[in-house]
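In my numbering, the protein residues as written are 86 to 152.
For reference, the structure discussed in these notes is given below.
This is the structure:
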């Protein structure tokens, strides 16, 4: 993602699958990363468990839809 940030996203919902291009970037700010990780942990509580099982900081990637 750092080398080639242009990605294709595929999202499934009840009506099928949507695909679209996006630009990805790894969040550099520790404060912003922690805030986003906390937000994701509210939706997927297992995220907090993942972080406790490693010494490294799990990165957060933000996707910006291009169209």
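Glycine is no exception: its CB is placed at the ideal position from the N, C-alpha and C atoms.
Residue 118 and residue 145 look like a contact to me (Cβ under 8 Å); what is the Cβ gap, rounded to whole Å?
-> As a working mapping, residue 118 is identified with position 33 in the chain shown. As a working mapping, residue 145 is identified with position 60 in the chain shown. With 8 Å as the limit, residue 118 and residue 145 qualify as a contact, their Cβ atoms being about 5 Å apart.
Span of the alpha helix (DSSP H), counted from its first residue to its last, around residue 119 = Taking the chain shown and counting its residues from 1, one reaches residue 119 at position 34. Taken as a continuous stretch (DSSP letters only), the alpha helix (DSSP H) holding residue 119 covers 115-128.
Look at the Cβ atom of residue 90, then the Cβ atom of residue 108, and state whether they are nearer than 7 Å.
-> Residue mapping note: residue 90 aligns to position 5 of the chain shown, counting from 1. Residue mapping note: residue 108 aligns to position 23 of the chain shown, counting from 1. Closer than 7 Å, so yes.
Local conformation of residue 134 per DSSP, three classes | Here residue 134 is taken as the residue at index 49 of the chain shown, counted from 1. Residue state, collapsed to three classes: helix.
Taking just the CA atoms, how far does residue 124 sit from residue 115?
-> Position 30 of the chain shown, counted from the first residue, corresponds to residue 115. Position 39 of the chain shown, counted from the first residue, corresponds to residue 124. Near 14 Å, if we compare the C-alpha coordinates of residue 124 and residue 115.
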